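The listed protein sequences derive, respectively, from chains A and B.
Under our numbering, read the first sequence as residues 638 to 993, first letter to last.
Under our numbering, read the second sequence as residues 638 to 993, first letter to last.
Here's the structure, in structure tokens; my notes come after.
There are 2 protein chains.
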Amino acid sequence: MKKFNFSAGPSTLPEEVLQQASEAILDLNKSGLSLIEISHRSKDFIAIMDESRALVKKLMKLDDDHEVLFLQGGASLQFLMAPLNFLKKGSKAAYIDSGNFASASIKEAKKIGFIDVLASSKEANYTYIPKNYEIPLDVDYLHLTSNNTVYGTEMHDFPETSVPLVCDMSSDILSKELNFNKFALIYAGAQKNIGPAGVTLVIVNKTLLGKTGRDLPSYLDYQVHISKESMANTPPVFAIYTTLLNLKWLEKQGGVSAAAERNKIKADLLYGEVDRNPLFRGVCEKVDRSLMNVCFFLNDEEKLKEKFDKMWKDSNIVGIGGYRSVGGYRASIYNAMPLEGVQTLVNVMKELEKTA
Amino acid sequence: MKKFNFSAGPSTLPEEVLQQASEAILDLNKSGLSLIEISHRSKDFIAIMDESRALVKKLMKLDDDHEVLFLQGGASLQFLMAPLNFLKKGSKAAYIDSGNFASASIKEAKKIGFIDVLASSKEANYTYIPKNYEIPLDVDYLHLTSNNTVYGTEMHDFPETSVPLVCDMSSDILSKELNFNKFALIYAGAQKNIGPAGVTLVIVNKTLLGKTGRDLPSYLDYQVHISKESMANTPPVFAIYTTLLNLKWLEKQGGVSAAAERNKIKADLLYGEVDRNPLFRGVCEKVDRSLMNVCFFLNDEEKLKEKFDKMWKDSNIVGIGGYRSVGGYRASIYNAMPLEGVQTLVNVMKELEKTA
């Protein structure tokens, strides 16, 4: 019996994507060869790469200034590549400290240049998204983190500004519609809504590149990857192919707007129960709640934790333990989590209330 | 019918590895979860990571000073990380220019510090391995590339020196026994003898780190990855697991020494035919011939290429086209290529001679 996997990332993928990926390991397109042993310069793989990039552009409605790259090293390497490619020598950039990954991105950027942290919610253990900060006009970019998996907060609005926006969208990309063309740079580790771990999606406005005065190492230079169409070196073949399968699944399900509707329904159902059920409470400010990661506490852990944990495990639920620095529970309900999974968890919460 | 895939990388993998990887995409260890949707912090994945690192140490007979890391970004990112971690500020390093990847590593290192290129075979289109150069004692390390896939040359001896050795072993690692403990740093993209594309094996002598005076970005700092046991960020789960399967296969086949014996037999068989058959000739100096990538030309391409190409394709052979800058043919015969595949190619070459 299929389990409902609420892990924060790597996370659940559609059953048909797993099936197709599994088959391609044995035989890709009836070629007699495995996906993972063909040359990345083969016609078959170049077609996979081209289709993947084109489908990201289509699903996100990207204009011609925006290039799609599939890189390695996760968002962690992008913490470094963002300032290297967008922060001019001697200039400064602005960051918002809205969670532990935002904080990590600031730490890396400070090794490259001057970083102005405009606002932070650290003093409240990152339980809200900082707002109402002033954006200086003399910064090269403003760096944002759109969703925080650890605390379950999400940016529901983006600042209107002439300053170029750089955003780590690792954990809510493709979950809702946005004008992605207004961003100078978007990056996202694949292992939530995009595909399996091992590839990083980068979307970059190429007209803004090449202005920092830095002589960059090749792998850290977006312009190198653009000129080589993400094939400057051997790409992570399996992760890109499985990403393509997952993007095709998303398209078949109606694309990003339809996913957004389903995500809203799932999140409303689960937050509704967290708020209604007197045994539970949410972790963060309601207005900033994430539609991807629903974090909540049991009010009386001492009395009920053991019982609740047994109940959800018995219901084929896995992966709802909270992050180590937060505790409690975290249910990650990315695009691939079916409503049935959320309903199952809600039923367990109701059952606990009845029997507690 | 299974094809014989002579691709240079990504390259052929053992059938049982493909089977096991394919199954794990659907269900890992009968857990009811896919390999690619479990958390990298789960007990199952931590066990995979630990076993992979331990098995590399065992197969390569590494001592306790040498740490095993699984990183992303390919050898290309190591071209940068090697000097960042081993080249002191204001100091210099020595490089040998033995091929196009060696040349690329020099280009990246020159962005970090002073690089002394001790010898190059570029003027002979890299058809031999430079030898008899003097190694200055005041360099922080000597960088070597042990095998060149493009031209089919391989280092059969390493210099005896007190200077720390850094080696890109992407295309011959695990193919023969060496005293790996004498190296300060070894790195290798996985997609030849290690596993699928998407992970880079790094072996580093940790006692030599932390001496450059550089404040490194986290992802580029070996010490960060060592302290986090290759989990500083989400690792490429699929590539690491499939690497583990492949390492287990290698161990079951008798380990590195047994692989070396098989590789010698395969290479002797194919080079023997290249030298015997009057229709063919080898690309590079015999003494430097690679046991992994056998490069050869047809003497009369105009007359025989079409016929030969049809013959090997009809024999279920794929991937023996030469690299674009070299032309001719290249048969990559890594650990996973069975003797039967090499024999099939040799038979086609003999058949061509008979019917030409």
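All C-beta atoms, glycine included, are put in the ideal place defined by N, C-alpha and C.
Please read all numbers here as calculations on a predicted model, not as lab measurements.
Interface residues of chain A facing residue i [CB-CB closer than 8 angstroms]
i        : result
Thr871/B : Gly646, Pro647, Gly711, Gly826, Gln828, Ala834
Val979/B : Neighbours of Val979/B on chain A: none; closest Cβ ~17 angstroms, over 8 angstroms.
CB contact flag (residue i, residue j, <8 angstroms)
i        : j        : result
Leu696/A : Val983/A : no
His780/B : Tyr859/B : no
Leu822/A : Phe723/A : yes
Met986/B : Glu910/B : yes
Asp777/A : Ser728/A : yes
Ala746/B : Ala756/B : no
Tyr971/B : Thr649/B : yes
Leu681/B : Ser671/B : Correcting the residue identity first, residue 681/B is Asp in this sequence and not Leu. Cβ atoms of Asp681/B and Ser671/B: not closer than 8 angstroms.
Val705/A : Leu884/A : no
Lys848/A : Lys725/A : yes
Gly826/B : Ala712/B : yes
Lys748/A : Pro854/B : yes
Arg967/B : Cys932/B : yes
Gly835/B : Ala876/B : yes
Thr837/A : Gly965/A : no
Leu887/A : Leu916/A : no
Leu699/A : His862/A : no
Thr844/A : Asp702/A : yes
Asn936/A : Ser812/A : no
Phe945/A : Leu989/A : yes
Ile662/B : Ile752/A : no
Ser668/B : Thr786/B : no
Residue i - partner residues in DSSP beta bridges
i         : result
Arg918/B  : Phe934/B
Tyr763/A  : DSSP, once it has assigned bridges, lists no residue as partnering Tyr763/A.
Lys729/A  : Phe751/A
Glu704/A  : Val841/A
Gly835/B  : Per DSSP, none; premise fails for Gly835/B.
Arg967/A  : Cys932/A
Leu822/B  : Val803/B, Val841/B
Asp734/B  : Ser757/B
His1006/B : Residue 1006/B lies beyond the residue range present for chain B, which begins at 638 and ends at 993; the question has no answer from this structure.
Glu791/A  : Asn784/A
Chain-ordered chain B contacts of residue i [CB-CB under 8 angstroms]
i        : result
Pro975/A : Under the 8 angstroms cutoff, chain B gives no residues; its nearest Cβ is about 13 angstroms from Pro975/A.
His677/A : Pro647, Ala834
Ile673/A : Pro647, Leu650, Leu655, Ala658, Pro833, Ala834, Thr879
Gly933/A : Before going on, a small fix: residue 933/A reads as Phe here, not Gly. Neighbours of Phe933/A on chain B: none; closest Cβ ~19 angstroms, over 8 angstroms.
Ala691/A : Under the 8 angstroms cutoff, chain B gives no residues; its nearest Cβ is about 21 angstroms from Ala691/A.
Within chain B, the residues that residue i reaches when beta carbons sit closer than 9 angstroms
i        : result
Glu995/A : Because residue 995/A is not part of the residues shown, which for chain A are 638 to 993, the question remains open.
Lys640/A : Ser668, Gly669, Leu670
Phe707/A : Within 9 angstroms Cβ-Cβ: nothing; Phe707/A doesn't reach chain B, min ~11 angstroms.
Where residue i meets chain A, residues with beta-carbon distance less than 7 angstroms
i        : result
Pro659/B : Position check: residue 659/B holds Ser in this sequence, whereas Pro was assumed. Under the 7 angstroms cutoff, chain A gives Ser659, Ile662, Leu663.
Lys748/B : Asp852, Pro854
Phe751/B : Here the premise fails: no neighbours, minimum Cβ distance about 15 angstroms.
Chain-ordered neighbours of residue i on chain B, where CB pairs are closer than 7 angstroms
i        : result
His862/A : Neighbours of His862/A on chain B: none; closest Cβ ~11 angstroms, over 7 angstroms.
Gly789/A : In chain order: nothing, as chain B lies at least about 16 angstroms away.
Phe817/A : Simply none; closest approach about 23 angstroms.
Gly956/A : Ser676
Leu717/A : Pro854, Tyr856
Val963/A : Result: empty, since nearest Cβ-Cβ is about 14 angstroms, beyond 7 angstroms.
Phe820/A : Ordered by position in chain B, no residue passes the 7 angstroms Cβ test against Phe820/A, which lies about 22 angstroms from the chain.
Partner residues on chain A for residue i, Cβ-Cβ distance less than 9 angstroms
i        : result
Glu745/B : Pro854, Ser855, Tyr856
Val800/B : Correct list: empty, because the minimum Cβ distance to chain A is about 24 angstroms.
Val924/B : Ordered by position in chain A, no residue passes the 9 angstroms Cβ test against Val924/B, which lies about 29 angstroms from the chain.
Checklist entry - Any contact of the stretch 889-906 of chain B with the stretch 720-739 of chain A, i.e. 3+ C-beta pairs under 8 angstroms? => result no
Next on the checklist: When you compare the stretch 952-966 of chain A with the stretch 977-992 of chain A, are there three or more beta-carbon pairs, one atom per stretch, that lie closer than 8 angstroms?
Outcome noted: By the Cβ rule, the stretch 952-966 of chain A counts as touching the stretch 977-992 of chain A, because three or more pairs are nearer than 8 angstroms.
Checklist entry - If we count Cβ pairs, one from each stretch, closer than 8 angstroms, do we get three or more for the stretch 796-810 of chain B versus the stretch 709-720 of chain B? => result The stretch 796-810 of chain B is in contact with the stretch 709-720 of chain B.
Checklist entry - Should the stretch 639-646 of chain A be called in touch with the stretch 669-677 of chain B, which here means at least 3 C-beta pairs below 8 angstroms? => result yes
Next on the checklist: Contact between the stretch 911-930 of chain B and the stretch 794-803 of chain B is defined here as three or more beta-carbon pairs at a separation below 8 angstroms; is this criterion met?
Outcome noted: no
Item to check | Unbroken stretches of the alpha helix (DSSP H), 4 residues or longer, contained in the stretch 853-937 of chain A | outcome: 859-864, 874-889, 892-913
Checklist entry - Contact between the stretch 878-890 of chain B and the stretch 823-837 of chain B: three or more CB pairs below 8 angstroms? => result The stretch 878-890 of chain B, when compared against the stretch 823-837 of chain B, does touch it at the 8 angstroms Cβ threshold.
Checklist entry - Would you call the stretch 656-670 of chain A and the stretch 681-693 of chain B in contact, with 3 or more CB pairs under 8 angstroms? => result Judged by Cβ distances under 8 angstroms, the stretch 656-670 of chain A makes no contact with the stretch 681-693 of chain B, as fewer than three pairs qualify.
Checklist entry - Enumerated in chain order, which unbroken segments of the alpha helix (DSSP H) with a length of 4 residues or greater are wholly contained in the stretch 649-729 of chain B? => result 652-663, 680-696, 711-723
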